[in-house]
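Data block below; observations after.
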Amino acid sequence: MMRWNRGTMKLPYIKVEVEYREEETGAPGKVSPALIVGFGLHWAWVYLFMFNGQYILFPEADSMQLLLSATSGVFHAVALLLYAVFLKQARQLFDTPAHIRRNRAIAAFLVACATLLCMAGNMVSVGPLAAALFVLAGVASGVGSAMLLMSFGVSFSVCDLPTIALCAALSMVVSALAFALTLVVSAAFVPAGALLCLALPFLELLCLNKCSADLVDKLEFSFMTMPVRTASFVGRLGVPSVVFGVLLGILRCCALTGPLLDLLLAAGGAESAFSFSVFAASLFACAALIMAMLTLRKSRNFAFRVLVPLIAVLLVTLCTPYGADGTFRCFALFGSYFMLEACLWVMYADIAQSYRVSAFTTFGFGHGLLSAGSLAGFLMLQPGGLLEAASTEPMMLALVGLIALTLGVATLPNGAEMRSTLIRGRLCPLLDDQTDLEELMGGEVAASKPSVEEAVVPMPSDTPGAVSSAPGDIPEPATPAVQESPEQRAGRFKRKCAAVADTFLLSRKETEVLFLLAKGRNSAAIQEALYISAGTANTHMRHIYRKLDVHSQHELIDLVESMVVD
Numbered sequence: 001m002m003r004w005n006r007g008t009m010k011l012p013y014i015k016v017e018v019e020y021r022e023e024e025t026g027a028p029g030k031v032s033p034a035l036i037v038g039f040g041l042h043w044a045w046v047y048l049f050m051f052n053g054q055y056i057l058f059p060e061a062d063s064m065q066l067l068l069s070a071t072s073g074v075f076h077a078v079a080l081l082l083y084a085v086f087l088k089q090a091r092q093l094f095d096t097p098a099h100i101r102r103n104r105a106i107a108a109f110l111v112a113c114a115t116l117l118c119m120a121g122n123m124v125s126v127g128p129l130a131a132a133l134f135v136l137a138g139v140a141s142g143v144g145s146a147m148l149l150m151s152f153g154v155s156f157s158v159c160d161l162p163t164i165a166l167c168a169a170l171s172m173v174v175s176a177l178a179f180a181l182t183l184v185v186s187a188a189f190v191p192a193g194a195l196l197c198l199a200l201p202f203l204e205l206l207c208l209n210k211c212s213a214d215l216v217d218k219l220e221f222s223f224m225t226m227p228v229r230t231a232s233f234v235g236r237l238g239v240p241s242v243v244f245g246v247l248l249g250i251l252r253c254c255a256l257t258g259p260l261l262d263l264l265l266a267a268g269g270a271e272s273a274f275s276f277s278v279f280a281a282s283l284f285a286c287a288a289l290i291m292a293m294l295t296l297r298k299s300r301n302f303a304f305r306v307l308v309p310l311i312a313v314l315l316v317t318l319c320t321p322y323g324a325d326g327t328f329r330c331f332a333l334f335g336s337y338f339m340l341e342a343c344l345w346v347m348y349a350d351i352a353q354s355y356r357v358s359a360f361t362t363f364g365f366g367h368g369l370l371s372a373g374s375l376a377g378f379l380m381l382q383p384g385g386l387l388e389a390a391s392t393e394p395m396m397l398a399l400v401g402l403i404a405l406t407l408g409v410a411t412l413p414n415g416a417e418m419r420s421t422l423i424r425g426r427l428c429p430l431l432d433d434q435t436d437l438e439e440l441m442g443g444e445v446a447a448s449k450p451s452v453e454e455a456v457v458p459m460p461s462d463t464p465g466a467v468s469s470a471p472g473d474i475p476e477p478a479t480p481a482v483q484e485s486p487e488q489r490a491g492r493f494k495r496k497c498a499a500v501a502d503t504f505l506l507s508r509k510e511t512e513v514l515f516l517l518a519k520g521r522n523s524a525a526i527q528e529a530l531y532i533s534a535g536t537a538n539t540h541m542r543h544i545y546r547k548l549d550v551h552s553q554h555e556l557i558d559l560v561e562s563m564v565v566d
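Straight run, no breaks: the sequence shown in UniProt numbering ends on number 566.
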């Protein structure tokens, strides 16, 4: 028998420290379903007027479609550019939530009137009266859709970059479903499809009011933005917008016209084949954008790095035997359009979010010039146009597309170029290169101060009790605190937060988080107030502490209190 003795062995105490770096890019915040659905419905309506869906909805007015598309494109581009040029005057129209809801209702009414005018023009079909009706429809659709698009731009610009990309990706699927459903219903009974098209703007209006209430209306700094050098900003953002817009116009015009329409009709079931192609293309574009967001969202213009090569591949496949198949060709054209449109929308929203540039400026100049380029590309493919052969020759279409993609990507602005367009009154210590430092040391920038008067949102009425003056704070050239009303003290505190955000170039969302941190709010309160997840709130807090070079909330409060404002 073997006998075992049980003993113990004491090991020395070993202390192991593990250091790790937490991911700082952040997960998507709380996604607003109303924003996804509403934005998808908006693009579904746009497709019905720009993707030649009107050929099915209003078949009797075939000869007037060019007039409708051209008029709508012109007024859409002009309306967006007017937003940007007359920024201060435009903001006076959006100074209260009640005025904002009123303007959205006007926009939805204009879009609905455009559908009614098209229905009336379809009954007349030809003649001066039909032409007048379609011109009025183009004016109403261009102005109304521009107003609705700007409202979506404001909602997107207050979201985090991962949330922007995710909402844009899912909206493409919603738009394809709504577009395909309208066409299928119209194929069975044309008036029913027209009525469904008529209902889209009002459903979109409900979604806009809901997502705005969740994302925008309760924000303190939604209208406190960084001014820009207009000429420099338009040059940096406008050149790629025009180039990509030309390509979008070409893709849109080729989506369902001429030989492609003949291919689908010859195969039978044009509506079902078209709807299947649109939906498949939206799923492909959605998956590609989400993949780009998950892998490369740290990079500036990350979506272009993944989606542009895919667009190039789809354009090249049009020259292969697969391009002769009408269903595949629809998939390639729509997939290219979806991905390019999504890339540009994410870029505009990212600029408005990261640099606190007004959404009116970013989407007004950016999307306005994009629409102008798109109209130019559309007209180039018309009979007698510069690129008329591209609609019938896949080789030429692919060549033009690859050239436009190359030029557009080559002119995309990087971070340093976008920072150089900002007018900042204080030197930011977090510059990436010496070029930015030399530009900001120039007399023009040093003499300019961020415009606080542009903020038209009423000042918060709650007194920031958590931020009391410390003994060592820099005195302010103001009247004694006892002579200030609570609203004045709150306004001064808000201007201090804006001054810190301007100095350290905080993003729009980081500025909102800074304001709540300076008021003594904790992470849970920030999540609830800004409609973001716990991970996103913690990521913003880490970024703010790192940019401000502070290590606690108390140090952050002291820094805000030390700012001198007028």
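Beta carbons are placed, not taken as given, at the ideal position from N, Cα and C, and that holds for glycine. As the structure is a computational prediction, the values presented were derived from the model and not from experiment.
Hey, quick one: how far does the alpha helix (DSSP H) through D350 stretch, first residue to last?
Run containing D350: 326–354, per the alpha helix (DSSP H) assignment.
What three-state label does DSSP hand L514 in the structure shown?
In the structure shown, L514 sits in a helix (DSSP, three-state: H, G or I).
By Cβ distance, which residues of its chain are closer than 7 Å to S407, with the 5 residues on each side in sequence left out?
Rather than Ser, the amino acid found at residue 407 in this sequence is Leu. Taken in chain order, the residues that qualify are V243.
Could you compute how far the alpha carbon of S212 sits from the alpha carbon of Q353?
Taking the straight line joining both Cα atoms gives about 16 Å.
What are the boundary residues of the alpha helix (DSSP H) that includes S420?
Note, S420: premise wrong, no alpha helix (DSSP H); not H, not E.
Look at the alpha carbon of A498 and the alpha carbon of L516, and state the distance between them as a whole number of angstroms.
Computed Cα separation, rounded: 12 Å.
Where does the unbroken alpha helix (DSSP H) through I403 begin, and where does it stop?
Segment 394–410, the alpha helix (DSSP H) holding I403.
In the structure shown, what three-state DSSP assignment does V228 receive?
In this structure, V228 counts as strand in the three-state DSSP scheme.
Can you tell me which of V85, L198, A178, L149 puts its alpha carbon nearest to the alpha carbon of L117?
It is L198.
Please classify N522: does DSSP put it in a helix, a strand, or coil?
In this structure, N522 counts as coil in the three-state DSSP scheme.
For a quick check, are the C-beta atoms of T71 and A137 less than 9 Å apart?
In contact: T71 and A137 (Cβ atoms closer than 9 Å).
For P460 and L215, what's the separation of their Cα atoms in angstroms?
For P460, the predicted model reports a pLDDT of 36, less than 50, meaning its position is unreliable and no value from the coordinates is stated.
Out of curiosity, what's the CA-to-CA distance linking L68 and V31?
Those two C-alpha atoms are separated by around 36 Å.
Looking only at C-alpha atoms, which of K519, E510, T503 sits nearest to G491?
Here the closest residue by C-alpha is K519.
Give me the residue from Q92, V357, L110 with the minimum Cα distance to E204.
Per the Cα distances, L110.
For P464 and P486, what's the separation of their Cα atoms in angstroms?
Because P464 sits at a pLDDT of 38, beneath the cut-off of 50, its placement in the model cannot be relied upon, and the point is left open.
In whole angstroms, give me the CA-to-CA distance for Y531 and T225.
Cα to Cα, Y531 sits roughly 20 Å from T225.
Buried or exposed for A375, going by 16 or more other Cβ atoms inside 10 Å?
Looking at the sequence itself, residue 375 is Leu, so the reference to Ala does not match. Under this definition L375 is a buried residue.
On the DSSP letters alone, give me the boundaries of the alpha helix (DSSP H) that D217 sits inside.
Counting along the chain, D217 falls outside any alpha helix (DSSP H), and DSSP gives it neither H nor E.
Quick check on the DSSP output: the alpha helix (DSSP H) that includes Q382 runs from which residue to which?
Counting along the chain, Q382 falls outside any alpha helix (DSSP H), and DSSP gives it neither H nor E.
What number of angstroms, rounded off, separates the C-alpha of K547 from the C-alpha of G535?
In a straight line, the C-alpha of K547 is about 18 Å away from that of G535.
Are there 16 or more other CB atoms within 10 angstroms of the CB of R104, so buried, or fewer, so exposed?
Looking at its Cβ environment, which holds 16 or more other Cβ atoms inside 10 Å, R104 is buried.
Between which two residues does the alpha helix (DSSP H) harbouring P162 extend?
161–188 is the span of the alpha helix (DSSP H), which, as asked, contains P162.
Within the same chain, show all residues whose beta-carbon is closer than 8 Å to that of T511, passing over the 5 residues directly before and after it, in chain order.
Excluding residues within five positions, the ones whose Cβ falls inside 8 Å are F221, M224, R356, C497, A498, A501.
Give me the Cα-Cα distance between H76 and L369, rounded to the nearest whole angstrom.
In a straight line, the C-alpha of H76 is about 10 Å away from that of L369.
State buried or exposed for D350, treating a residue as buried only when at least 16 other CB atoms are found within 10 Å of its CB.
Label assigned to D350: buried.
Rounding to the nearest angstrom, what Cα-Cα distance links S175 and R300 in this structure?
In a straight line, the C-alpha of S175 is about 27 Å away from that of R300.
By DSSP, does S391 sit in helix, in strand, or in coil?
Looking at S391 - three-state DSSP - the assignment turns out to be helix.
Just to confirm my understanding: we take V306, look at its own chain, exclude 5 residues before and 5 after, and list those with CB closer than 7 Å. What are they?
Excluding positions up to five away in sequence, the list reads A288, M291, A292, L296.
Can you tell me which of the three DSSP states G368 falls into?
Correct three-state label for G368: helix.
Which of helix, strand or coil does DSSP assign to I532?
I532 falls in the coil class under three-state DSSP.
Can you look up C197 in the DSSP assignment and give me helix, strand or coil?
DSSP places C197 in helix when its eight states are reduced to three.
Would you identify the three-state DSSP class for M291, choosing helix, strand or coil?
If DSSP states are grouped into helix, strand and coil, M291 belongs with the helices.
Does the Cβ-Cβ distance between I311 and G326 come in under 9 Å?
No, the pair does not count as a contact, with Cβ atoms beyond the cut-off.
Inspect the beta-carbon positions of H367 and L344 and report whether they are closer than 9 Å.
Contact flag set, yes.
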